[in-house]
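A.B. asks:
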Amino acid sequence: MLTTHWIVITEIGQEIRLRQLPDPIAAMDRAIAQIATIRRYLGAIQNRFKSAISSLTNTATKLSAARSRTMDVNYATEVSSITRAQIVDQASTCGFSSGESSVSDDFELVALGGAHLSRKPSDSLK
Numbered sequence: 000m001l002t003t004h005w006i007v008i009t010e011i012g013q014e015i016r017l018r019q020l021p022d023p024i025a026a027m028d029r030a031i032a033q034i035a036t037i038r039r040y041l042g043a044i045q046n047r048f049k050s051a052i053s054s055l056t057n058t059a060t061k062l063s064a065a066r067s068r069t070m071d072v073n074y075a076t077e078v079s080s081i082t083r084a085q086i087v088d089q090a091s092t093c094g095f096s097s098g099e100s101s102v103s104d105d106f107e108l109v110a111l112g113g114a115h116l117s118r119k120p121s122d123s124l125k
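Numbering-wise (numbering that gives the first Met the number 0), the sequence shown opens with residue 0 and increments by one.
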């Protein structure tokens, strides 16, 4: 708040009033102090925004990594299920079409996932 000061000069019976401006250096000091206060306030807000952005970025990165791992696991599970189904299908086709293997041999093939598909049908007769 600026205060106006008056200087009164009296000469030869005449009164002259001159307006005296406040100290310019003091006015600059007050203005600088106000600017510093505003800058501190804005700096604090900026720091809160930076912290929030950093936290959200970190969360987004972790969520993306978790989603990627989940997708990888789902993909691997599906691929192994499809592969197992194909092996079972091939084992059942091979075993039942030969007509020479027993039912227990066919179930053994299915249980082992078709690992013994290279076995000759005549081997089961021994």
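Every residue gets a Cβ at the ideal spot worked out from N, C-alpha and C, and that includes glycine.
How long is the line joining the alpha carbons of A30 and D22, rounded to whole angstroms?
C.D. replies: Translated into positions along the sequence shown, residue 30 becomes position 31. Translated into positions along the sequence shown, residue 22 becomes position 23. A direct Cα-Cα distance of roughly 13 Å separates A30 from D22.
A.B. asks: Given that a residue counts as buried once 16 or more other Cβ atoms are within 10 Å of its Cβ, and exposed if not, what is A90?
C.D. replies: Counting from 1 along the sequence shown, the entry for residue 90 is found at position 91. Buried, by the Cβ-count rule.
A.B. asks: DSSP puts Q13 in a beta bridge; with which residues?
C.D. replies: Your numbering for residue 13 matches position 14 in the sequence shown. The partner list for Q13 (beta bridge, DSSP) reads E10.
A.B. asks: Reducing DSSP to helix, strand and coil, say where D22 ends up.
C.D. replies: Counting from 1 along the sequence shown, the entry for residue 22 is found at position 23. Here D22 sits in coil by DSSP.
A.B. asks: In whole angstroms, give me the CA-to-CA distance for T58 and N73.
C.D. replies: As a working note, residue 58 is residue 59 in the sequence shown. As a working note, residue 73 is residue 74 in the sequence shown. Between T58 and N73, the C-alpha separation is close to 22 Å.
A.B. asks: Using the Cα positions of R38 and R16, report the straight-line distance between them to the nearest angstrom.
C.D. replies: The sequence position of residue 38 within the sequence shown is 39, counting from 1. The sequence position of residue 16 within the sequence shown is 17, counting from 1. The straight-line gap from Cα to Cα measures roughly 40 Å.
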